[in-house]
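J.:
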Amino acid sequence: MPYLIVFLLLATLPADAATPIRLQAAIEGIPLGRQIDVLEDPTGRLTIAQVAQPGFQARFHPGPNDMLAMGLTSSVYWVRVNLSNASLQSDWCLQLGEPYLHEVDVYMQQDKAWQRWALGDNHPFANRPLVSNHLLLPLSLQPGGQQTIYVRYHSHSTLRIPLFVARMSTLLTNALGEHLMHGLFFGLMLAMMFYNGFVWYTLADRTYLYYVGYMLSASLNIAYIRGYAFALLWPHHPGLNNTAFISCCTLLMALLFTNTFLQMDRRSQGLHRLGQVLICIVTLTAWLSLVNEATGFRVTFLLNLVCVFYSIMAGAIRFRQGFKPAAYYLLGFGLSCVFLLVFMTREQALIPYPNLVDASLQIGLGLEAIILSLALAGKLRTFKREKEQAQAQALAQATEFSRQLISSQEHERKRIAADLHDSLGQVLILVKNKVLLLEKHLDTPAKASAQVQVLKTLLGQSVEEVRRIAYGLRPFQLDMLGLTRSLRSLCEDVAMTGKLMVRADFDPAVDGLLPGEKAINLYRIVQECLTNIIKHSQATEATVRLNRQTGQLQLTVSDNGRGIDARAVQSPKSGFGLLGLRERVGLLGGTLEIISQPGGGTQVRVVFFE
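Mature numbering (1 follows the signal peptide of the UniProt record, and there is no 0) puts the sequence shown at residues -17 to -1, 1 to 593.
1) List the endpoints of the continuous beta strand (DSSP E) containing residue 487.
2) Starting from residue 148, follow the beta strand (DSSP E) in both directions and report where the run begins and ends.
3) Taking the beta carbon of residue 522 as the centre, do at least 16 other beta carbons fall within 10 Å, making it buried, or is it exposed?
4) Are there 16 or more other CB atoms within 10 angstroms of the CB of residue 585, so buried, or fewer, so exposed?
5) In terms of alpha-carbon separation, which member of 581, 101 and 266 lies closest to residue 235?
6) Can you tell me whether residue 105 is helix, strand or coil according to DSSP?
7) Answer yes if the segment 76 to 92 comes into contact with the segment 125 to 140, meaning at least three C-beta pairs across the two stretches below 8 Å, and no otherwise.
8) Short of 7 Å in beta carbon distance, which residues of its chain neighbour residue 572, apart from the five on each side in sequence? Order them along the chain.
9) DSSP three-state call for residue 218: helix, strand or coil?
10) Go ahead and pull the three-state DSSP assignment for residue 63.
11) Measuring only the C-alpha atoms, how far is residue 537 from residue 587?
12) So, is residue 486 buried or exposed, given that buried needs 16 or more other C-beta atoms within 10 angstroms?
13) Where DSSP assigns a beta bridge to residue 20, which residues make up the other side?
14) Are there 16 or more other CB atoms within 10 angstroms of the CB of residue 184, so buried, or fewer, so exposed?
15) Residue 190 lies in the alpha helix (DSSP H); which residues open and close that run?
16) So the alpha helix (DSSP H) residue 212 belongs to, where does it begin and stop?
17) Do you know how far the Cα of residue 149 is from the Cα of residue -15?
18) Can you tell which of 284, 526 and 350 has the C-alpha that lies nearest to the C-alpha of residue 625?
19) Assuming residue 488 and residue 545 are in contact, meaning their beta carbons sit under 8 Å apart, how far apart are those beta carbons, in whole angstroms?
20) What does the alpha-carbon distance come out to for the pair residue 477 and residue 508?
21) Kindly confirm or deny that the segment 36 to 51 and the segment 16 to 26 touch, where touching means at least three C-beta pairs closer than 8 Å.
22) Going by DSSP in three states, residue 137 sits in which element: helix, strand or coil?
23) Counting Cβ pairs closer than 8 Å, one from the segment 120 to 137 and one from the segment 69 to 83, do we hit at least three?
24) Which whole-angstrom value is the C-beta distance of residue 298 and residue 357, which I expect to be below 8 Å?
25) What's the call for residue 260, buried or exposed, on a 16-neighbour Cβ count within 10 Å?
26) Can the beta-carbon of residue 465 be found less than 7 Å from the beta-carbon of residue 490?
27) Is there contact here, the segment 86 to 103 with the segment 186 to 202, by at least three beta-carbon pairs under 8 Å?
28) Output the distance between the C-alpha atoms of residue 542 and residue 503, rounded to the nearest integer angstrom.
29) Is residue 316 buried or exposed, if buried means 16 or more other CB atoms sit within 10 Å of its CB?
30) For the ligand GTP, is there a heavy atom less than 6 Å away from the beta-carbon of residue 476?
31) When the Cα atoms are used, what is the spatial distance from residue 131 to residue 63?
32) Where does residue 567 land, buried or exposed, given buried means 16+ other C-beta within 10 angstroms?
33) Excluding the 5 residues flanking residue 273 on each side, which residues of the same chain have their C-beta closer than 8 Å to its C-beta?
34) Using a 10 Å radius around the Cβ and a threshold of 16 neighbouring Cβ atoms, would you call residue 34 buried or exposed?
35) For my contact list, residue 142 and residue 12 are in at a C-beta cut-off of 8 Å; report their separation, rounded to the angstrom.
36) Using only the alpha-carbon positions, how far apart do residue 201 and residue 186 sit?
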C-alpha cells in the first residue's frame, strides 16, 4: 500500500518537477542541449495539452549533447526547458535554434493557460517578439522565479536546435561580431558581383553573367540560413522561405558557370551532355520544391553530392587537357568544398573552434569568389591577348592581301597588255598593211575585192579578240543569259581546253534570285576554283553543283586531285586564291568550308542565304 501511495504521488507530479536549470549572474550564457528533455513525435499530431500531461513525462529523454541535431527528419520534436532564476537580473532571453526552422512554437503557462508564440519562418516576421535574425524569446522570469517552457520543432530541411539562454546584454555583444563578419562577407560578394557584372556588360560573355547569378543565389542562400533574408528582404512573405528552391537556383547557376567556364561543349562532349542532363534535373527539382518543399530538399541534398562530383571531375579532366584556368577552378571549388565539410562537422564538435566552424561556409564561399574572380580576370587578360594577336594577324593578312592584290593587278595588267600586243595588236598591224595594199589596187577590182575579204576576216578576228579580253574582265553572259547558263558556259569552256573534264549540276530555280554583285562574286568563286584545280591539283575530273535548300544556296566544287594540306588551308599566309575566295564568300555573307586530304581530292563548299 505505501508503494501505491508513492507511485500515485509521483504520477501526479506537475510536468516541471524536473531539476531546473539555475540562471546565475556570473554565467553570461548557457548551452542547454544536455540539460533539456526531448520527445519525438513521428506523427506530428501531439498537442501541448497532451505532452504536458504527467503520463507523457516518461517519454521525454535528456538531450545527448550541447546541440540537438536530428538531420533530415519528418518528425516533430518537443523540447522541455525548466529554468530557475537564481540571479538578481530579469533580462534573460532564450535563443531557440537556427533561423531557418519552419515551425518553432513556444508554449509557456500563464494563469493556468498555455500561451503560444509561433516563431518559425512559416509565419510572418512580425510575430517575433524581438527584431533579430535569430529566433529569440525574452523571458519574463523574475529573480527567484521558475518557469517550464515547451517548444515544438518541425522543419522541411535539416532539424538543428542549438538552444541557448543568456542575458540580453550578452546576446547583443555577440551579435556585434556576428553582424561584422556577415557584413564583410556580403560586402565581398557584392563587390565581386559588381566587378563580374561590369565585365559581362563590357564583353557580353555569358560566363561572367552565370557567375554573377551563382554568387547572388549563394549569397541569398547564406542570408536565408543566417536569418537575414527573412528579416530584411521579405519579412511579410514567409512563403519565400524555401531553402530547397534557393539551393536549386545556386546549383543551376553553378552548373551553367562550370560548363561555360571550362568550355565543356568544345572539349568534352560526353561531360557536356551529362551537365545538360543535370541542369534539366535541377530545374525540375526547383519546380518540385515549390510544390513539396520537404521532398524537394531531400532531392536537392542528393543533387548537391552529384554536382560536386561532376564539377570536380570536369575541372580535373579539363586541367589534364591543358586548360590552365581549370587550375583556378579546382582550387576555388576545392576550398569551398573543404570548408563546407568543416561546416557540416559542427554537430559533432570535431574542431575545437566553434566560431570558426560556424563561419566556415562563408569563408569557403568568400575564398571561392576571390579565386574564381581572379580566374575570370585571367581569362579576361587571355581574351585581351588573343584579341591583340588576332588584330595583329588580321593586319598581317590585310597587308599580305594588299600585296598580293597589287601583284595580281599587275599580273592582270601584264596579261591584258600581252593580249592586246600579241593578238589584237598583230591583227591591227595586218589590217593596216592590208589597207595600204588596198589603196594600191583600187584600180584593179578583183585584187581590191580580195583585199576587202581579208580585211573582213581580220576585223572579225579583232572583234572576237576584243570580246575575249572583255569576257575575261567581266562575263557578259551574266547579263544576257543568267547565272546558271553562264556557269555552264564557263564549265564547257574549261572542258574544251582538254585539261579537265567538268560535270555541271545547277538548279534552274537559282536564276533571278541573286542581285548582280552577288552573282558576279559567285561566278568568280567558281572561276577561281576551276583555275586552282587546273593549276595545282593535277585532277582529271571536277564537279560543280549549285543547289537551293530552304532559303539557302549551296555551291560545291569538288575534284579528284592530290588534295590540299590542311595546315596550308588554315595558314594566314595562304595563297591569293584562297584569300580571294574568303573575301568573296564574306561579301556573300556565307560560310566557306574546304574538305581535303592528301591524295583524296578536295571539296570546296560555300553556303549562304538568298
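Heads up, the beta-carbon is just placed ideally off N, CA and C, and yes, glycines get one too. It should be emphasised that the depicted structure is a prediction, and the values quoted were computed from it without experimental measurement.
T.: The short version:
1) To locate residue 487, count along the sequence shown from 1; it is residue 504. Per DSSP, residue 487 belongs to the beta strand (DSSP E) from 484 to 489.
2) Mapped onto the sequence shown, residue 148 falls at position 165. Unbroken beta strand (DSSP E) run through residue 148: 147 to 150.
3) Position 539 of the sequence shown holds residue 522. When all chains shown are included, residue 522 counts as buried.
4) Taking the first residue of the sequence shown as position 1, residue 585 is located at position 602. Under this definition residue 585 is a buried residue.
5) Within the sequence shown, the letter at position 252 stands for residue 235. Closest by alpha carbon: 266.
6) As a first step, residue 105 is located in the sequence shown; it is residue number 122 there, counting from the start. Of the three classes helix, strand and coil, the one that applies to residue 105 here is coil, per DSSP.
7) yes
8) As a working mapping, residue 572 is identified with position 589 in the sequence shown. Cβ within range, chain order: 591 and 592.
9) As a working mapping, residue 218 is identified with position 235 in the sequence shown. Coil at residue 218, not helix or strand.
10) Walking along the sequence shown from the start, residue 63 turns up at place 80. If DSSP states are grouped into helix, strand and coil, residue 63 belongs with the strands.
11) Working through the sequence shown from its first residue, we reach residue 537 at position 554. Working through the sequence shown from its first residue, we reach residue 587 at position 604. Those two C-alpha atoms are separated by around 10 Å.
12) Residue mapping note: residue 486 aligns to position 503 of the sequence shown, counting from 1. Its Cβ having fewer than 16 others within 10 Å, residue 486 is exposed.
13) Locating residue 20 in the sequence shown gives position 37, where the first residue counts as 1. In DSSP, residue 20 forms a bridge with 45 and 63.
14) Translated into positions along the sequence shown, residue 184 becomes position 201. Looking at its Cβ environment, which holds fewer than 16 other Cβ atoms inside 10 Å, residue 184 is exposed.
15) Within the sequence shown, residue 190 is the residue found at index 207, counting from 1. Note, residue 190: alpha helix (DSSP H), 189 to 208.
16) In the sequence shown, the residue the question calls residue 212 occupies position 229. From DSSP, residue 212 is part of no alpha helix (DSSP H); its letter is neither H nor E.
17) The residue you call residue -15 lines up with position 3 of the sequence shown. The residue you call residue 149 lines up with position 166 of the sequence shown. Confidence at residue -15 is low in this model, with a pLDDT of 30, below 50, so the placement of that residue is unreliable and no value is reported for it.
18) Outside the shown range of the chain (-17 to 593) lies residue 625, about which nothing can therefore be said.
19) Along the sequence shown, read from residue 1 onward, the residue named residue 488 stands at position 505. Along the sequence shown, read from residue 1 onward, the residue named residue 545 stands at position 562. The Cβ separation is near 24 Å, so there is no contact.
20) As a working note, residue 477 is residue 494 in the sequence shown. As a working note, residue 508 is residue 525 in the sequence shown. For residue 477 and residue 508, the distance between alpha carbons rounds to 15 Å.
21) yes
22) Locating residue 137 in the sequence shown gives position 154, counting from the first residue. Of the three classes helix, strand and coil, the one that applies to residue 137 here is strand, per DSSP.
23) yes
24) Reading the sequence shown from its first residue, position 315 is the one you call residue 298. Reading the sequence shown from its first residue, position 374 is the one you call residue 357. Actually they are not in contact, since the Cβ atoms of residue 298 and residue 357 sit about 15 Å apart, beyond 8 Å.
25) For the purposes of this step, residue 260 is taken as the residue at position 277 of the sequence shown. That one is exposed.
26) To locate residue 465, count along the sequence shown from 1; it is residue 482. To locate residue 490, count along the sequence shown from 1; it is residue 507. It is not a contact, given that the beta carbons lie outside the stated cut-off.
27) no
28) As a first step, residue 542 must be located in the sequence shown, where it is residue number 559. As a first step, residue 503 must be located in the sequence shown, where it is residue number 520. Going by the C-alpha atoms only, they are around 23 Å apart.
29) Walking along the sequence shown from the start, residue 316 turns up at place 333. Looking at its Cβ environment, which holds 16 or more other Cβ atoms inside 10 Å, residue 316 is buried.
30) Of ligands this structure carries none, so the ligand GTP is not represented either.
31) The sequence position of residue 131 within the sequence shown is 148, counting from 1. The sequence position of residue 63 within the sequence shown is 80, counting from 1. Cα to Cα, the separation comes out at about 7 Å.
32) As a first step, residue 567 must be located in the sequence shown, where it is residue number 584. Its Cβ being crowded by 16 or more others within 10 Å, residue 567 is buried.
33) Against the sequence shown, residue 273 aligns to sequence position 290. So the qualifying residues of the chain are 225, 228 and 279.
34) Here residue 34 refers to the residue found at position 51 of the sequence shown. Buried, since its Cβ has 16 or more Cβ neighbours within 10 Å.
35) To locate residue 142, count along the sequence shown from 1; it is residue 159. To locate residue 12, count along the sequence shown from 1; it is residue 29. Going by Cβ atoms, the distance from residue 142 to residue 12 rounds to 22 Å, so no, they are not a contact pair.
36) Residue mapping note: residue 201 aligns to position 218 of the sequence shown, counting from 1. Residue mapping note: residue 186 aligns to position 203 of the sequence shown, counting from 1. Those two C-alpha atoms are separated by around 24 Å.
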